[in-house]
Amino acid sequence: MVRKFVSERNWERFHAPKNISMALAIEASELMEHFQWMEIERSRSIAEEPELMQAVREEIADVVCYAMAMCNELDVDLASCMREKMVKNRQKYPLDQADEVSGQ
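The C-terminal position of the sequence shown is numbered 1583 in the working numbering, with every residue numbered one higher than the one before it.
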């Protein structure tokens, strides 16, 4: 879907990993902006605020699109990449130490 969108617009020339990584960081910042100075409990209940929720959904989509564009550019299989990372995360954060890591 992302590859087709980029190709239809002839944007491949702009999609160097350097540019995509910067765009991804910018979109992540735009997502964070919606939560800046917000109380933690409110941040957990934004689904009750339709306009805010829609804006957040759009920023999440932008972040994911740029992550997928990076995968396309570098020929990374996202599913495999995620599986490999979760194996590392399970080793780094074993269940028997999960409360210690989270500060509980």
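Ideal Cβ positions, reconstructed from N, Cα and C, are used throughout, including at glycine.
Quick caveat: nothing in here was measured; it's all calculated off a predicted structure.
Put simply, the backbone Cα of residue 1534 is about 24 Å away from that of residue 1498.
Contact between residue 1538 and residue 1506 holds, with the beta-carbon distance rounding to 6 Å and staying under 8 Å.
Between residue 1545 and residue 1495, the C-beta spacing is not below 8 Å. Setting aside the 5 residues that flank it on each side, residue 1564 has no residue in the same chain whose C-beta is closer than 8 Å to its C-beta. Residue range 1529-1553 is occupied by the alpha helix (DSSP H) that includes residue 1539.
Nearest in C-alpha terms to residue 1481, of all of 1553, 1547, 1560, 1579, is 1547.
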